[in-house]
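Novice:
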Amino acid sequence: MSAPATRDFRRRSTAALADAELHANLRRATGQTLAKRRALLAELPGADADREAIAAIRAQSHAAREALLAQAKVQLAAAGFTVHEAADAAAARALVLALLEAAGARRVVKSKSMITEEIDLNTALADAGIEVVETDLGEFIVQQLGQRPSHITAPALHLNRRQIGALFAERGLGPASEDPEALTAQARVHLRAKFLAAEAGITGANFVVAETGTLVLLENEGNIGLSSSLPPLHIAIAGIEKVLPRLADLDPLLRLLPLNATGQRAGSYTSLINGPAPAGDGPTARHVIFLDGGRRALAASPEAEILACLRCGSCLNVCPCFRHAGGHAYGGVYPGPLGILLAPYLGGAPAPAGGASAHGPATSLADVCALCDACAEICPAEIPLPTLIWKARTAREAASGAGSARPWRLFAALTARPRAWRFAGALLRLALKPPLRGLTARLAPTWNAERALPAAPARSFAAELARRHPGRLA
């Protein structure tokens, strides 16, 4: 882990671990989703086959990315969408601002979208004097706090109903309450007025179907449907990896994505948008912005398999690091196992020296992983996340020299010489005793800042075994 990333994560995670209420919120929220998923999984005997199908679909999409992207652009345009492509975050922000300015739109409603978090769209809109309102309930909550989402599908999972009730009362949305239905009603009244006054709606896209030029949006709250249908202008931003070959490919995706994201059999709403609506029946202008934003560089890197990610968030729910420290501890747009691999390319981190496909950026938080394999087991796209993270660690060590063979050569030499081994052990036991213990800790400050040195044993294991069982080692 790079030194700045180490220090920043350590500081944030230490604060998070000391927050008992945060820890309880994280465990409860992730635990509830996992429990619902487990219960439904027992009723879906074809889930393993669906995972294999999704992995195959995403692999095909990756292999034919540029051809599918070109096909999608043609089909979208034929359906009446205006299609754009942005090379990076700055270009995407400029496109959105230009479209809003051309339409005279100063009031914008927005759905939950991690890609707009990537490009920091809300800040750009606010700086331009445009009112932007997050309409997903979780996103609305964290927007009131001036925070980033702490989870990619449950933005406010780090908060409980008491904290949200106090926030709503402070913002004048209604009387203090801890009743989820009452709090939802308060937000609904506020957001309904924003929907009706909005001059533009901005959404992401779960998928774009190349075969038909169809924009696919999944949700539970109805806010995406309102954001994409009430205002006269709809702008959708999609990563270039979101393109699917065929409409039929949605079949396994629409089963496993809601199952893994929220523990549901199906999302409450699935919108398939095939172009602008007739006059008087929804937006008369629909734009799709395809964003590269580091994706082509990631596709050429050893971490390319992460581009198959569906953004379901299930890897966060099972990750022991995320469940203890929370998403904000990671310090970027994407937390958890996928964030370790995605964020350096898609979340605004600087490109590595020597080219964007080098291992430099993708390893800055690679040590924030227990390599327990839980994320790989739950991933609906069968992405081998721990393997990719381990490879990133290995490449980083090889590049930095931290993985030098010298320590292992020394270890081999000592184990081959019993007298030298016993002498080294005696020196180590001495170094672990006062007053040398403090000096020993200072010799390896990075390691010992996070770990307590073990107590010095009275004698070595071999010596203790010989004492208890004379002649055993003869």
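With numbering that gives the first Met the number 0, the residue at position 454 of the sequence shown is 453, and numbering never jumps. Ideal Cβ positions, reconstructed from N, Cα and C, are used throughout, including at glycine.
Starting from residue 330, follow the alpha helix (DSSP H) in both directions and report where the run begins and ends.
Specialist: What you label residue 330 is simply residue 331 of the sequence shown in a count that begins at 1. First-last for residue 330: undefined, no H or E at that position.
Novice: Are residue 320 and residue 337 touching if we call contact CB-CB under 8 Å?
Specialist: Counted from its first residue, the sequence shown places residue 320 at position 321. Counted from its first residue, the sequence shown places residue 337 at position 338. No, Cβ-Cβ distance for residue 320 and residue 337 is not below 8 Å.
Novice: I'd like the list of long-range same chain contacts for residue 285, defined as Cβ closer than 6 Å, with 5 residues on each side in sequence excluded.
Specialist: For the purposes of this step, residue 285 is identified with residue 286 of the sequence shown, where counting begins at 1. Closer than 6 Å at Cβ, skipping near neighbours: 80, 233, 275.
Novice: Look up residue 206 in the DSSP assignment and say whether it is helix, strand or coil.
Specialist: Residue numbering aside, residue 206 sits at position 207 when the sequence shown is read from its first letter. Residue 206: strand per DSSP, three-state reduction.
Novice: To the nearest angstrom, report how far apart residue 388 and residue 50 are at their CA atoms.
Specialist: Along the sequence shown, read from residue 1 onward, the residue named residue 388 stands at position 389. Along the sequence shown, read from residue 1 onward, the residue named residue 50 stands at position 51. Their backbone Cα atoms lie some 21 Å apart in a straight line.
Novice: Please name the residue, chosen from 165, 109, 123, 162, that lies closest to residue 138 on a Cα-to-Cα basis.
Specialist: Numbered from 1 along the sequence shown, position 139 holds the residue referred to as residue 138. Of the listed residues, the one whose Cα sits closest to residue 138 is 109.
Novice: Counting along the chain, where does the alpha helix (DSSP H) carrying residue 424 start and finish?
Specialist: As a first step, residue 424 is located in the sequence shown; it is residue number 425 there, counting from the start. First-last of the alpha helix (DSSP H) with residue 424: 417-430.
Novice: According to DSSP, simplified to helix, strand and coil, what is residue 270?
Specialist: Looking up residue 270 in the sequence shown gives position 271. DSSP places residue 270 in the strand class (E or B) of the three-state scheme.
Novice: Assign residue 105 to one of three DSSP states: helix, strand, or coil.
Specialist: Residue mapping note: residue 105 aligns to position 106 of the sequence shown, counting from 1. Coil at residue 105, not helix or strand.
Novice: Less than 8 Å separating the beta-carbons of residue 365 and residue 395?
Specialist: Your numbering for residue 365 matches position 366 in the sequence shown. Your numbering for residue 395 matches position 396 in the sequence shown. Contact: yes.
Novice: If you reduce the DSSP assignment to three classes, tell me which class residue 338 lands in.
Specialist: Locating residue 338 in the sequence shown gives position 339, where the first residue counts as 1. Correct three-state label for residue 338: helix.
Novice: For residue 379, count neighbouring C-beta atoms within 10 Å of its own C-beta (all shown protein chains included) and say buried if the count is 16 or more, exposed if not.
Specialist: Here the question's residue 379 lines up with position 380 in the sequence shown. It is buried - the Cβ of residue 379 has at least 16 other Cβ atoms within 10 Å.
Novice: For the alpha helix (DSSP H) containing residue 235, list its first residue and its last residue.
Specialist: On the sequence shown, residue 235 is found 236 positions in, with the first residue counted as 1. Not the alpha helix (DSSP H): residue 235 falls in the beta strand (DSSP E), residues 232-238.
Novice: Measure the Cβ-Cβ separation of residue 88 and residue 118 and say whether it is below 8 Å.
Specialist: Reading the sequence shown from its first residue, position 89 is the one you call residue 88. Reading the sequence shown from its first residue, position 119 is the one you call residue 118. Result yes, Cβ atoms of residue 88 and residue 118 sit closer than 8 Å.
Novice: Buried or exposed: where does residue 135 fall if 16 or more other Cβ atoms within 10 Å of its Cβ makes it buried?
Specialist: Position 136 of the sequence shown, counting from 1, holds the residue named residue 135. Residue 135 is buried by the Cβ-count criterion.
Novice: Alpha carbon to alpha carbon, what distance is there between residue 243 and residue 271?
Specialist: Here residue 271 is taken as the residue at index 272 of the sequence shown, counted from 1. Here residue 243 is taken as the residue at index 244 of the sequence shown, counted from 1. Rounded to whole angstroms, residue 271 to residue 243 spans 13 Å at the Cα level.
Novice: Taking 8 Å as the threshold (C-beta atoms), are residue 223 and residue 288 in contact?
Specialist: Counted from its first residue, the sequence shown places residue 288 at position 289. Counted from its first residue, the sequence shown places residue 223 at position 224. Result no, Cβ atoms of residue 288 and residue 223 do not sit closer than 8 Å.
Novice: Report the partner residues of residue 199 according to the DSSP bridge assignment.
Specialist: Mapped onto the sequence shown, residue 199 falls at position 200. Answer by DSSP bridge pairing, in chain order: 107.
Novice: Let me make sure I understand the geometry here. Which of 154, 189, 251, 207 has the alpha-carbon closest to that of residue 171?
Specialist: On the sequence shown, position 172 is the one that residue 171 refers to. That would be 189, whose Cα lies nearest to the Cα of residue 171.
Novice: Go ahead and pull the three-state DSSP assignment for residue 467.
Specialist: For the purposes of this step, residue 467 is identified with residue 468 of the sequence shown, where counting begins at 1. Three-state result, residue 467: helix.
Novice: Is the segment 125-132 close to the segment 154-172, with three or more CB pairs under 8 Å?
Specialist: no
Novice: May I ask you to report which of helix, strand or coil DSSP gives residue 286?
Specialist: In the sequence shown, the residue the question calls residue 286 occupies position 287. Correct three-state label for residue 286: strand.
Novice: What residues match up with residue 218 in a beta bridge as DSSP calls it?
Specialist: For the purposes of this step, residue 218 is taken as residue 219 along the sequence shown, with counting starting at 1. Answer is 268, bridged to residue 218.
Novice: Between the segment 29-39 and the segment 197-217, do at least 3 Cβ pairs fall closer than 8 Å?
Specialist: no
Novice: Measure the C-alpha to C-alpha separation of residue 348 and residue 114 and round it to an integer number of angstroms.
Specialist: On the sequence shown, residue 348 is found 349 positions in, with the first residue counted as 1. On the sequence shown, residue 114 is found 115 positions in, with the first residue counted as 1. Caution is warranted here: a pLDDT of 42 is assigned to residue 348, below 50, making its placement in the model unreliable, and the coordinate value is therefore given only provisionally. Their backbone Cα atoms lie some 15 Å apart in a straight line.
Novice: If you draw a straight line from the C-alpha of residue 469 to the C-alpha of residue 422, how long is it?
Specialist: Position 470 of the sequence shown, counted from the start, is the residue given in the question as residue 469. Position 423 of the sequence shown, counted from the start, is the residue given in the question as residue 422. C-alpha separation (whole angstroms): 21 Å.
Novice: Would you call the segment 16-33 and the segment 174-185 touching, i.e. three or more CB-CB distances under 8 Å?
Specialist: Counting Cβ pairs under 8 Å, fewer than three are found: no touch.
Novice: Between residue 17 and residue 324, is the Cβ-Cβ spacing less than 8 Å?
Specialist: Position 18 of the sequence shown, counting from 1, holds the residue named residue 17. Position 325 of the sequence shown, counting from 1, holds the residue named residue 324. Not closer than 8 Å, so no.
Novice: Determine the DSSP secondary structure at residue 20, reduced to helix, strand or coil.
Specialist: One-based indexing of the sequence shown puts residue 20 at position 21. DSSP places residue 20 in helix when its eight states are reduced to three.
Novice: On the three-state DSSP scale, how would you describe residue 323?
Specialist: To locate residue 323, count along the sequence shown from 1; it is residue 324. Residue 323 sits in a helix when the DSSP states are folded into three classes.
Novice: Residue 369 to residue 310, Cα distance in whole Å?
Specialist: Within the sequence shown, residue 369 is the residue found at index 370, counting from 1. Within the sequence shown, residue 310 is the residue found at index 311, counting from 1. Each residue's alpha carbon lies about 21 Å from the other.
Novice: Just to confirm, is the Cβ distance from residue 330 to residue 8 under 8 Å?
Specialist: Counting from one through the sequence shown, the residue named residue 330 turns up at place 331. Counting from one through the sequence shown, the residue named residue 8 turns up at place 9. Yes, these two residues count as a Cβ contact at 8 Å.
Novice: Using beta-carbon positions only, say whether residue 106 and residue 196 come within less than 8 Å of one another.
Specialist: The sequence position of residue 106 within the sequence shown is 107, counting from 1. The sequence position of residue 196 within the sequence shown is 197, counting from 1. Yes. Within cutoff.
Novice: Just how far apart, CA to CA, sit residue 498 and residue 241?
Specialist: Nothing can be reported for residue 498, as the shown portion of the chain is limited to 0 through 473.
Novice: Helix, strand or coil for residue 229, going by three-state DSSP, please let me know.
Specialist: By one-based count along the sequence shown, residue 229 stands at place 230. Residue 229 falls in the coil class under three-state DSSP.
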